[in-house]
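*Asks:*
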Amino acid sequence: MNNTTIDWNQKARDTATRLSGKILIDGQLTDALCRDTIDVIHPGDISNIGHVPRCNEADVDRAVNSAQQAFSSWRNVAARERGRQLQLAADQLEIEKELIARLCSLDTGNAIRTQSRPETASTIDLTRMFGGLASELKGETVPSASANVLQFSIREPIGVVGGIIPWNAPLFLFVAKVAPALAAGNTVVIKTAEQAPLCVLLVAEIMNRELPPGVLNIVSGYGEECGKPLCEHPLVRKVTFTGSMPVGCAIAGYVASKLCPVTLELGGKNPAIIMPDADLDLAIPGIIDGMRYTRQGQACTAATRVFVHRDLYDQVVEGVVTSLAKLKLGDPLDDETDMGCIISEEQLNRTLHYMEIARNTEGARILFGGERPTEPLLAKGYYYPPTLLDGLQLDNDVCRDEIFGPVATLLPFTDFNSVISDANDTEFGLAANLWTRDLARAMAFVNQIEAGFVQVNQCAAPRSNVSYGGIKMSGLGKEYALDSMLNHFTQSKTVMINPGTPAASV
Ligand code: NAI
Ligand code: MG
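According to my numbering, the stretch in the sequence shown is residues 32 to 537, in order.
#1: Could you compute how far the alpha carbon of S452 sits from the alpha carbon of D446?
#2: Mapping DSSP to helix, strand and coil, what is M504?
#3: Report the residue ranges of all beta strand (DSSP E) runs contained in full by the region 191-249; include only those spanning at least 3 residues, in chain order.
#4: Quick one: what does DSSP say Y499 is sitting in, helix, strand or coil?
#5: Might you give, ordered along the chain, the residues of its own chain that have their beta carbon closer than 7 Å to the beta carbon of A473, omitting 5 neighbours on each side?
#6: Is S251 near the ligand MG - that is, is its Cβ less than 8 Å away from at least one heavy atom of it?
#7: Unbroken alpha helix (DSSP H) runs of length 4 or more, entirely within the region 344-429: which are they?
#8: Can you tell me the Cα-Cα spacing of F161 and L242, whole angstroms?
#9: For S275, is the beta carbon positioned less than 8 Å from some heavy atom of the ligand MG?
#10: Measure the alpha-carbon distance for G531 versus N179 and round it to whole angstroms.
#11: What span of residues does the alpha helix (DSSP H) with L465 cover, start to end?
#12: Which first and last residues belong to the alpha helix (DSSP H) in which Q99 is found?
#13: Please confirm whether any heavy atom of the ligand NAI lies closer than 8 Å to the CB of E377.
#14: Tell me, which residues are paired with K53 by DSSP?
#15: Per the DSSP calculation, P443 is bridged to which residue(s)?
#16: Below 7 Å CB to CB, which residues in the same chain sit around M32 once its five sequence neighbours on both sides are set aside?
#17: Terminal residues of the continuous beta strand (DSSP E) containing N79?
#18: Using only the heavy atoms of the ligand MG, determine whether one of them is closer than 8 Å to the beta carbon of G436.
#19: Just how far apart, CA to CA, sit D432 and S104?
#20: So the alpha helix (DSSP H) F520 belongs to, where does it begin and stop?
#21: Count the other C-beta atoms from every protein chain shown that fall within 10 angstroms of the C-beta of Q378, then say buried if there are 16 or more, exposed otherwise.
#22: Within the region 152-180, note down every full beta strand (DSSP E) run reaching 3 residues or more, in order along the chain.
#23: Under 8 Å by Cβ, that's how I've got P363 and G140 pegged, so tell me the actual separation to the nearest angstrom.
#24: Could you spell out where the beta strand (DSSP E) holding I72 opens and where it closes?
#25: Could you tell me whether the region 488-503 touches the region 512-532, using the rule of 3 or more Cβ pairs below 8 Å?
#26: By alpha-carbon positions, which one of C291, H264, N107, P228 ends up nearest to R186?
#27: Take L425 as the anchor and find which of V192, L442, D310, D67 has the nearest alpha-carbon.
#28: Expressed to the nearest angstrom, what Euclidean distance is found between the alpha-carbon atoms of A176 and M527?
#29: Go through the region 270-340 residue by residue and report every complete run of the alpha helix (DSSP H) that reaches 4 residues or more, in order.
#30: Give the range of the alpha helix (DSSP H) segment to which F476 is assigned.
#31: How far does the beta strand (DSSP E) with Q486 in it extend, from its first residue to its last?
#32: Pull up the DSSP beta-bridge partners for I185, would you.
#33: Is it the case that the Cβ atoms of R396 and Y414 are separated by a distance below 9 Å?
#34: Within the continuous alpha helix (DSSP H) that includes S136, where are the two ends?
#35: Hey, is F203's beta-carbon within less than 9 Å of any beta-carbon in chain B?
#36: Mapping DSSP to helix, strand and coil, what is E458?
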C-alpha cells in the first residue's frame, strides 16, 4: 500500500463483487435474464474476483431495445450538448481513475504503473476529445447546377451501434467505440470480453452518471452466444469490432445480409526494420517498447518480426537482451512491476504452443526468456518472461501467426528491397516501423510498406487523435480520430432544395 489510508486493491475487489452478476441496461445495473455466469479470474494469482452473466439473445434483445428507445431522443439532443455530457462523463472517470485502473489490473493482469494507469488516462482523454469534436459533425454545401437550388449534405447518426471488444486494452478500446458513436448521436450496446468484463462495466456505470438512460448499455458473454446475436439483431445498424482476424471475418458475414456497415480492428504480425545507420540508442529501447513487452506482447501493434541489418545484428542482440533483463516481471498491482501476466490460461497455452514450435525448429535460439518463472509468487499466475528468439525462417508459424504473447523474433537481413518484400510477406497489414537516419530511405519505406499505421524512428502505441487501423487482413476502417466519428458513426443525407413557386406574400 502507498502512503494513503485507502486500500485500493481491496476497494477494487469489493467493486468487482458489487458488479458481479450484473449487466447495464437503461441506465441501471441489473440482473440478467440468463441464469448462467462466467467466472472472472485475476491472472496474477488465479483468484476468482467475480462473475458476469453469460448473456444470450434474450438479454441482447433487452439491451438493444433500450438503446433503440433512447435513440429517438438522443439523436435530437444538440451535438454540442451530447459532447458536453461526454466530457462530464470523462470528469466522473477522472474522479474514479485509481479504482478503474486497479480493477483493470485485476481483470487483465496488466501492470498498474506501466499499463493500467496510462490506459485509464488515455481512456479519459479520448472521451474528452470526442466530446469536444461533437461540433465537427458538419456536412457540405455543394455548388448546384441551377442557380437557385440549394444542394447540401448532412451527417446523421446511424442508430443503435453494436460493439464487441477484446480484453487486451479493454478500457481504451471501449471508449474508442463508445465516445465517437455517442458524440455522433447513436446509442450503443457493448459486449465486453469474457476475460476482462468488470473494469469496462465500472467505466460504463460511471459514465451513466451523466448520460441519459439507455444511451450506453452493456452485456457480457461469449462470442457465439452473445456477440453473434448482437451483430445479427435487426435494430443494430452498425457494428464495430476489435479482436482476432477469423472472428472479424465471421462478423462481416453476420451483418452482410442486412448491409450493416462494420468497422474491424484485427490483428497484425508487424515488422520493425533496423537499418545499418539506425541510432541504436533509440532503436534498442524502441524494439522493446515496440514489442509491447510491458503488455506481455498482447497488443495488435506489437512488432514481433524484428529485421536487423547484419552489420549491427550482434550489437542489437546484446543491447536488447541487456535491457530485457532489467524488466521486472511481477504482481500487476505492485507499482514496482514493469510487466504483469498473460490474461488467461488459454493465452498462456498459446504462447507455450509457439515456444514449443520454436524449440523444435533446428537452428532456433532462445536469446532471452523462454522459461516460466519458478518463484512461488509468480508460479501461481499466468506469468511468462519477455522472450527473444532468432534462427527462425520467415515461413515458420512463429513468424507468421499472431502469437499475442511476449515473444519476438529477430531476423537478420542485408538488402533493403528484399527486407521490404519479407516485411510485406504476411496476410496482415497493421503496423510497421523503420529505424534509420536516411530520409530518402524512410520515404521509400513509407511508400512500399503495406500497413495502415507506419512509423519511422519510433514505435509509439496508438493514441487519441491519431487515425488508426489496418489494411489487408488487419481490418476495415480507422478509429481514434475525428475521421472515425465522421466516416464510421454517421450516415450522410444529400439534400436538394428547390424554392419552387414563391408563396403568395402576406
Ligand atoms: P476473439 O477475437 O475471439 O475475441 C474478441 C472479442 O470477440 C471477444 O469479446 C469475444 O467474446 C468476441 N467473439 C469471439 N467470437 C465471436 C463470434 N463468433 N461472434 C461475435 N463475437 C465473438 O479473440 P480471443 O479469443 O480473445 O483471442 C485470440 C487471439 O485473437 C489472440 O491470441 C490474438 O491473436 C487475437 N486478438 C487480437 C486482438 C487485437 O487487438 N487485434 C484482441 C484480442 C485478440
Ligand atoms: Mg476467441
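Cβ coordinates follow ideal geometry from the N, Cα and C atoms, glycine included. Note that the coordinates shown come from a computational prediction; the quantities given were computed from them, not determined experimentally.
*Replies:* Looking at the coordinates:
#1: Each residue's CA atom was taken as its position, placing S452 and D446 some 10 Å apart.
#2: Assignment of M504 by DSSP, reduced to helix, strand and coil, places it in the coil class.
#3: As summarised for the region 191-249, the continuous beta strand (DSSP E) elements at least 3 residues long and confined to that stretch are 191-195, 218-222, given in chain order.
#4: It is a strand residue.
#5: The answer, listed in chain order, is L465, T467, V487.
#6: In this structure, the ligand MG has no non-hydrogen atom nearer than 8 Å to the beta-carbon of S251.
#7: The region 344-429 contains these whole alpha helix (DSSP H) runs: 344-355, 376-390, 407-410.
#8: Each residue's alpha carbon lies about 15 Å from the other.
#9: Yes, since a heavy atom of the ligand MG falls inside the 8 Å radius drawn around the Cβ of S275.
#10: Distance between the alpha carbons of G531 and N179 is about 9 Å.
#11: No alpha helix (DSSP H) holds L465; the beta strand (DSSP E) holding it covers 462-466.
#12: Per DSSP, Q99 is one residue of the alpha helix (DSSP H) stretching across 88-105.
#13: Correct: E377 has its Cβ closer than 8 Å to the ligand NAI.
#14: Per DSSP, D62.
#15: Per DSSP, V339.
#16: Its pLDDT being 49, under 50, M32 is placed unreliably in this model, and the value from its coordinates should be taken loosely. Residues of the same chain with a CB within less than 7 Å of the CB of M32, apart from the 5 flanking positions on each side, are D38 in chain order.
#17: Where N79 is concerned, the enclosing beta strand (DSSP E) starts and stops at 78-84.
#18: Using a cutoff of 8 Å, the CB of G436 does not count as near the ligand MG, since none of the ligand's heavy atoms is closer than that.
#19: Cα to Cα, D432 sits roughly 46 Å from S104.
#20: Careful: F520 lies outside any alpha helix (DSSP H) and carries neither H nor E.
#21: Buried is the label assigned to Q378, since at least 16 other Cβ atoms lie within 10 Å of its Cβ.
#22: Qualifying beta strand (DSSP E) stretches: none in this window.
#23: The C-beta distance from P363 to G140 rounds to 5 Å, short enough to fall under 8 Å.
#24: It spans 68-73 - the beta strand (DSSP E) in which I72 sits, taken as one unbroken run.
#25: At 8 Å Cβ cutoff, the stretches touch.
#26: Closest option to R186, Cα to Cα, is N107.
#27: Here the closest residue by C-alpha is L442.
#28: Straight-line Cα distance between these residues: approximately 11 Å.
#29: Within the region 270-340, the complete alpha helix (DSSP H) segments of 4 residues or longer fall at 276-287, 311-321, listed in chain order.
#30: Unbroken alpha helix (DSSP H) run through F476: 470-479.
#31: It spans 484-487 - the beta strand (DSSP E) in which Q486 sits, taken as one unbroken run.
#32: Its beta-bridge partners are K524.
#33: With contacts defined as CB atoms closer than 9 Å, R396 and Y414 fail to qualify as a contacting pair.
#34: It spans 128-139 - the alpha helix (DSSP H) in which S136 sits, taken as one unbroken run.
#35: Absent here is chain B; the protein component of the structure consists of one chain.
#36: Three-state result, E458: coil.
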